[in-house]
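S.K.: Heads up: the sequence lines are chains A and B, in that order.
Just so it is clear: in the first sequence, position 68 is 68 by this note's numbering, and no numbers are missing.
Just so it is clear: in the second sequence, position 104 is 217 by this note's numbering, and no numbers are missing.
Even for Gly, the Cβ is constructed at its ideal location relative to N, Cα and C.
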Amino acid sequence: DVKVTQSSRYLVKRTGEKVFLECVQDMDHENMFWYRQDPGLGLRLIYFSYDVKMKEKGDIPEGYSVSREKKERFSLILESASTNQTSMYLCASSPPQARGGYTFGSGTRLTVV
Amino acid sequence: AQSVTQLGSHVSVSEGALVLLRCNYSSSVPPYLFWYVQYPNQGLQLLLKYTSAATLVKGINGFEAEFKKSETSFHLTKPSAHMSDAAEYFCAATYGGSQGNLIFGKGTKLSVKP
Numbered sequence: 001d002v003k004v005t006q007s008s009r010y011l012v013k014r015t016g017e018k019v020f021l022e023c024v025q026d027m028d029h030e031n032m033f034w035y036r037q038d039p040g041l042g043l044r045l046i047y048f049s050y051d052v053k054m055k056e057k058g059d060i061p062e063g064y065s066v067s068r069e070k071k072e073r074f075s076l077i078l079e080s081a082s083t084n085q086t087s088m089y090l091c092a093s094s095p096p097q098a099r100g101g102y103t104f105g106s107g108t109r110l111t112v113v
Numbered sequence: 114a115q116s117v118t119q120l121g122s123h124v125s126v127s128e129g130a131l132v133l134l135r136c137n138y139s140s141s142v143p144p145y146l147f148w149y150v151q152y153p154n155q156g157l158q159l160l161l162k163y164t165s166a167a168t169l170v171k172g173i174n175g176f177e178a179e180f181k182k183s184e185t186s187f188h189l190t191k192p193s194a195h196m197s198d199a200a201e202y203f204c205a206a207t208y209g210g211s212q213g214n215l216i217f218g219k220g221t222k223l224s225v226k227p
């Protein structure tokens, strides 16, 4: 069964910590995406990547960075976590053009205290 | 800018009643269209997709959606709601292009009353 795996389901971090959220897909997909989801705001795109070592800013990249050193892995980095980054983070992947849609991971619920 | 609009952020139905969740897209060029479901504290799961093969698309869990070009709509329906259908539902579209990023609606939370 093909899947997108996010390393943690729940995470609690302290303000100012550097936080890594990991996402791995086993479908050989070129495209990978990071979203955050907050009540009433829907899904907001943080960063995406169409290929290894490339990245593009989404709608809300401030306070985040990403790394894609291997095709199957896309990491989201919070350089210095803040309480307003408490959220549900969703990773997704797709082939080019996404005509079959995205495959999502199970999500990481991050709480910054 | 291209967009996807879901009418109603919350919909409540009784168990056994018809479920109708509305989605409209903004383009004269029909996109590829999708409905996703999200159960609490989980990721999004694909319910069904429209890729121009047939206007009535059947998905998992008894859901279906009809593509209507004249109305630029892709509403999701289920004849009889079940308690297990309570979840958030997202409509999404891709208009192609070199990479074809999905554009998501803001979601509709479905509640099912016993």
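1) Which residue or residues does DSSP assign as beta-bridge partners of M88(A)?
2) Could you check whether the segment 10 to 19 of chain A touches the segment 55 to 66 of chain A, counting it as contact only if at least three pairs of C-beta atoms, one from each stretch, sit closer than 8 Å?
3) Compile a chain-ordered list of the residues in the segment 52 to 85 of chain A whose CB is closer than 8 Å to at least one CB of chain B.
4) Is there at least one Cβ from chain A nearer than 8 Å to Y145(B)'s Cβ?
5) What residues of chain A sit near K162(B), judged by a beta carbon separation below 8 Å?
6) Check for me: the beta strand (DSSP E) holding S49(A) runs from which residue to which?
7) Hey, could you find the ends of the beta strand (DSSP E) V170(B) is sitting in?
8) Less than 8 Å between CB atoms is the rule here; does L133(B) satisfy it with respect to chain C?
9) Just confirm the distance between the C-beta atoms of T108(A) and L21(A), as a whole number of angstroms; I'd bet it's less than 8 Å.
10) Is the Cβ-Cβ distance between L78(A) and K3(A) less than 8 Å?
M.R.: Quick answer:
1) Q37(A), R109(A)
2) Touching, no, given that fewer than three Cβ pairs across the two stretches are closer than 8 Å.
3) none
4) yes
5) G100, G101
6) 42 to 49
7) 169 to 171
8) Going by chain labels, chain C is absent from the structure shown, which instead holds the protein chains A and B.
9) 5 Å
10) Result no, Cβ atoms of L78(A) and K3(A) do not sit closer than 8 Å.
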